[in-house]
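Asker: Structure in structure tokens, see below.
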Amino acid sequence: MHLAYPAVLSALLFCTGLYGVLARRNAILVLMSVELMLNAVNLNLVAFDVWLSRTARDTLHSGQALTLFTIAIAAAEIGIGLAIVLAVHRNRGTADIDKLRDTAEPHGPDEATLTEDEKAEATA
Amino acid sequence: MSLAAATHGFLSPTGVEIAFLLVGLVTFGAALVTVTTRQLVHAALWLVVTLGGLAVEYLLLTAEFIAWVQVLIYLGSVVVLLLFGLMLTRAPIGRSPDADSGNRWTALAVALASAAALVWVVVDAFRTTWIDLDGAAAGSTAVTGASLFQNWVLPFEALSVLLLAALVGAIVLSRKAKAEPSPPPVNSRAATGSSPSVPDSRNHPIERNSPAEQEGAL
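Chains as they are written, first to last, in the numbering used here: chain A, 3 to 126; chain B, 58 to 275.
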């Protein structure tokens with residue numbers, strides 16, 4: 003098999019996940035896009051491991067071991083991420099990333115007053 | 058390498074390449090629908106198609122153990138966890154017009170630029186490289202297990218500690234920040250051996266589900 007097939011598919015999946023992370027507004031959809039990016043990396047690791055295990059006599063199988071580690075870490079990441087999203091939803095009543103602007107720098111007069119209001123709410 | 062390249066060609070693809078290409082098209086299309094659909098639950102269901110397609114790609118690359126791990130962990134637990142998260146945050150079932158934020162055109166430009174750059178670099182770098190898929194499978198369970206427990210034992214154990222930390226962290230994060238003072242009958246029930254999450258589940262029936270779900274995923 004030509005090595006370009008899995009490499010190109012992996013690059014396209016990674017960029018799809020990148021678009022999702024940047025364009026989505028719901029936090030859980032952002033987590034889904036992060037999963038897409040991690041899976042693209044996994045496909046790359048597996049393809050290069052299969053290639054290197056035949057040509058370079060790589061007996062460590064480092065690509066597949068790293069893929070297993072990535073899958074386990076992705077499972078941990080999704081658990082922690084969803085716990086954080088649920089905690090935010092419980093406290094704020096929304097999982098909308100655009101509305102969580104407490105630490106954002108104020109750009110215009112509208113947002114400045116908004117953050118002032120939120121600060122007043124937080125201190126009250 | 059040039060001798061190996063002489064025996065292959067773009068114009069005579071093998072059956073494995075054709076299968077890889079078709080499954081890859083399905084996977085990429087499902088990924089595109091995942092990040093563009095306005096129905097939140099449909100996004101999770103299209104993610105199932107994407108991850109399943111990737112498992113088939115792993116099988117075509119003879120990495121069968123990784124493929125089954127992908128099916129077990131991603132399709133079995135991560136997607137279910139995402140669906141639970143969508144429902145616990147009360148995501149709308151139908152079309153939600155504000156699923157995409159205002160900077161989607163910037164995001165599209167960034168994604169297209171990075172896709173063009175990555176695909177160009179990758180195709181240019183590996184134009185004459187072929188994977189030899191004949192012979193014994195490169196990722197059978199025996200091979201993967203032997204390499205994992207001969208060469209990767211220490212990272213493997215460190216990973217188990219990481220998973221334990223993530224488990225504890227998820228439970229701590231999903232608890233309520235301040236435990237309310239419990240009435241006396243609740244304490245007596247807890248002392249007699251019933252589950253300590255039972256008194257809280259009366260007050261917060263939905264949020265209490267989250268620790269158990271995260272525990273199941275890990």
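Positions of the beta carbon are idealized from the N, C-alpha and C atoms, including for glycine. Source: prediction; values computed, not measured.
My output table needs one value for tryptophan 187 of chain B: the three-state DSSP class, helix, strand or coil.
Answerer: Reduced to three states, the DSSP call for tryptophan 187 of chain B is strand.
Asker: By the DSSP assignment, the alpha helix (DSSP H) with threonine 72 of chain A in it spans what residues?
Answerer: Run containing threonine 72 of chain A: 64 to 94, per the alpha helix (DSSP H) assignment.
Asker: Give the secondary structure of asparagine 44 of chain A by DSSP, where H, G and I count as helix, E and B as strand, and everything else as coil.
Answerer: It is helical.
Asker: Using the rule of at least 16 other Cβ atoms within 10 Å of the residue's Cβ for burial, across every protein chain shown, is alanine 74 of chain A buried or exposed?
Answerer: By the neighbour-count rule (16 or more Cβ atoms within 10 Å), alanine 74 of chain A is buried.
Asker: In this structure, how does DSSP classify alanine 232 of chain B when only helix, strand and coil are distinguished?
Answerer: Inspection of the sequence shows that residue 232 of chain B is occupied by arginine rather than by alanine. Correct three-state label for arginine 232 of chain B: coil.
Asker: Would a check of beta-carbon distances place alanine 148 of chain B closer than 8 Å to chain A?
Answerer: So, interface residue.
Asker: Excluding sequence positions up to five away, which residues of its chain have a Cβ less than 6 Å from the Cβ of serine 251 of chain B?
Answerer: Confidence is the limiting factor: at serine 251 of chain B the pLDDT is only 43, short of 50, which leaves the residue's position unreliable and the question unanswerable from this model.
Asker: Does the Cβ of valine 92 of chain B have 16 or more other Cβ atoms within 10 Å, making it buried, or fewer, making it exposed?
Answerer: It is buried - the Cβ of valine 92 of chain B has at least 16 other Cβ atoms within 10 Å.
Asker: Short check: CB of leucine 139 of chain B to CB of isoleucine 30 of chain A, under 8 Å?
Answerer: In this structure, isoleucine 30 of chain A lies closer than 8 Å to leucine 139 of chain B by Cβ.
Asker: Pull up the CB-CB distance for histidine 4 of chain A and tryptophan 187 of chain B, whole angstroms please, since I reckon it's below 8 Å.
Answerer: Indeed they touch by this definition, with Cβ atoms about 6 Å apart.
Asker: Name, please, each residue of chain A whose Cβ falls closer than 7 Å to the Cβ of arginine 161 of chain B.
Answerer: What arginine 161 of chain B touches in chain A: Ala25.
Asker: Which residues of chain A have a Cβ atom closer than 8 Å to the Cβ of glycine 151 of chain B, listed in chain order?
Answerer: What glycine 151 of chain B touches in chain A: nothing, since even the nearest Cβ is about 14 Å away.
Asker: If contact is defined by three or more beta carbon pairs under 8 Å, each pair taking one atom from either stretch, is the segment 150 to 161 of chain B in contact with the segment 4 to 15 of chain A?
Answerer: No: fewer than three Cβ pairs fall under 8 Å.
Asker: For a cutoff of 8 Å on Cβ pairs, would you count valine 83 of chain B as touching chain A?
Answerer: No - not a single Cβ of chain A is within 8 Å of the one on valine 83 of chain B.
Asker: Under a three-way DSSP split, which group does glycine 250 of chain B fall into?
Answerer: Residue placement at glycine 250 of chain B cannot be trusted, given a pLDDT of 44 that sits under 50; the coordinates are not used to answer.
Asker: Starting from aspartate 157 of chain B, follow its DSSP beta bridges and name the residues at the other end.
Answerer: In DSSP, aspartate 157 of chain B forms a bridge with A:Arg26.
Asker: In or out: threonine 198 of chain B buried (at least 16 other Cβ within 10 Å) or exposed?
Answerer: Flag for threonine 198 of chain B reads exposed.
Asker: How is aspartate 98 of chain A classed by DSSP in three states: helix, strand or coil?
Answerer: Note: aspartate 98 of chain A maps to strand in three-state DSSP.
Asker: Near threonine 107 of chain B, what residues of its chain come up, given a Cβ to Cβ distance below 7 Å and the 5 sequence neighbours on each side ignored?
Answerer: Counting only Cβ-Cβ distances below 7 Å, and skipping sequence neighbours, we find Thr84, Ala87, Ala88 and Thr91.
Asker: Can you find a CB in chain A that lies within less than 8 Å of the CB of glutamate 121 of chain B?
Answerer: It does not; no Cβ of chain A falls within 8 Å.
Asker: Have a look at alanine 227 of chain B and glycine 81 of chain A and give me their C-alpha separation to the nearest angstrom.
Answerer: Going from the Cα of alanine 227 of chain B to the Cα of glycine 81 of chain A covers about 6 Å.
Asker: What residues from the segment 192 to 207 of chain B come within 7 Å of chain A, judged by C-beta to C-beta, listed N to C?
Answerer: Within the segment 192 to 207 of chain B, the qualifying residues are Ala195, Gly196, Val200, Thr201, Ser204 and Leu205.
Asker: Assign isoleucine 150 of chain B to buried or exposed, taking buried as 16 or more other Cβ atoms, counted over all protein chains shown, within 10 Å of its Cβ.
Answerer: Under this definition isoleucine 150 of chain B is an exposed residue.
Asker: Quick check on arginine 152 of chain B: buried or exposed, where buried means 16 or more other Cβ atoms within 10 Å of its Cβ?
Answerer: By the neighbour-count rule (16 or more Cβ atoms within 10 Å), arginine 152 of chain B is not buried but exposed.
Asker: Any idea what DSSP makes of arginine 152 of chain B, helix, strand or coil?
Answerer: DSSP places arginine 152 of chain B in strand when its eight states are reduced to three.
Asker: For leucine 117 of chain B, report the span of its alpha helix (DSSP H) as first-last.
Answerer: From DSSP, the alpha helix (DSSP H) with leucine 117 of chain B extends over 97 to 117.
Asker: Since aspartate 100 of chain A meets chain B, which of its residues come closer than 9 Å, beta carbon to beta carbon?
Answerer: Within chain B, the residues near aspartate 100 of chain A are Asp155, Ser158 and Gly159.
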